[in-house]
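Trainee:
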Amino acid sequence: NVRAGKGPGMVLDEKRAGDVRAVMALFHHIVESKRAGVRKPDPRIYLMCCEALDVRPEHAVYLDDLGINLKPARELGMRTIKVGEPQAALAELEAILGHSVRD
-3 NVRAGKGPGM
7 VLDEKRAGDV
17 RAVMALFHHI
27 VESKRAGVRK
37 PDPRIYLMCC
47 EALDVRPEHA
57 VYLDDLGINL
67 KPARELGMRT
77 IKVGEPQAAL
87 AELEAILGHS
97 VRD
């Protein structure tokens, strides 16, 4: 569970869990594949996200560190950003959006 900081890829300590909760609190809506019952790179998970936010795929930006997860999003019409270096990914996102996402 992402909100608890537990699950694959999550560090199981209270500080990390608190950090994850703090980041998640910044978002209005979160779609967790485990809870949705659909995992990336199944295109349905991307469509669920768009539906939950009432956004068409061509108006969405999807960020991931794995190309295999970016491909179906791109095929649905989403703009995609491969996250390697976080600051570079943020700069690319800001270029797409036309405004800063950082303080």
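Residue numbers for the sequence shown follow the working numbering, beginning at -3 and rising by one.
Each residue gets a CB set at the ideal place from its N, CA and C atoms; glycine is no exception.
Treat the numbers as computed from the prediction; the structure is a model and nothing was measured.
Helix, strand or coil for Val97, going by three-state DSSP, please let me know.
Mentor: Reduced to three states, the DSSP call for Val97 is coil.
Trainee: Quick check: the Cα distance between Gly63 and Pro53, rounded to an integer number of angstroms?
Mentor: Near 18 Å, if we compare the C-alpha coordinates of Pro53 and Gly63.
Trainee: Just tell me which of His24, Leu22, Cys45 has its CA closest to the CA of Ala32.
Mentor: Minimum Cα distance to Ala32 is reached at Cys45.
Trainee: Got a sec, what are the start and stop residues for the alpha helix (DSSP H) Lys36 sits in?
Mentor: Looking at the DSSP string, Lys36 is not in any alpha helix (DSSP H), and its letter there is neither H nor E.
Trainee: Is Val79 near Leu89, with beta carbons less than 7 Å apart?
Mentor: Result no, Cβ atoms of Val79 and Leu89 do not sit closer than 7 Å.
Trainee: Rounded to the nearest angstrom, what separates Gly73 and Asp15 at their Cα positions?
Mentor: Gly73 and Asp15: Cα-Cα distance of roughly 32 Å.
Trainee: Look up Leu89 in the DSSP assignment and say whether it is helix, strand or coil.
Mentor: Correct three-state label for Leu89: helix.
Trainee: Is Tyr58 near the ligand ZN, judged by its Cβ being under 6 Å from some heavy atom?
Mentor: Looking for the ligand ZN in the displayed structure turns up nothing, as the structure carries no ligands at all.
Trainee: Would you kindly report the start and end of the unbroken beta strand (DSSP E) that includes Ile26?
Mentor: No beta strand (DSSP E) contains Ile26, which DSSP labels as neither H nor E.
Trainee: Pull up the CB-CB distance for Ile77 and Val57, whole angstroms please, since I reckon it's below 8 Å.
Mentor: Contact flag correct, Cβ pair sits at about 7 Å.
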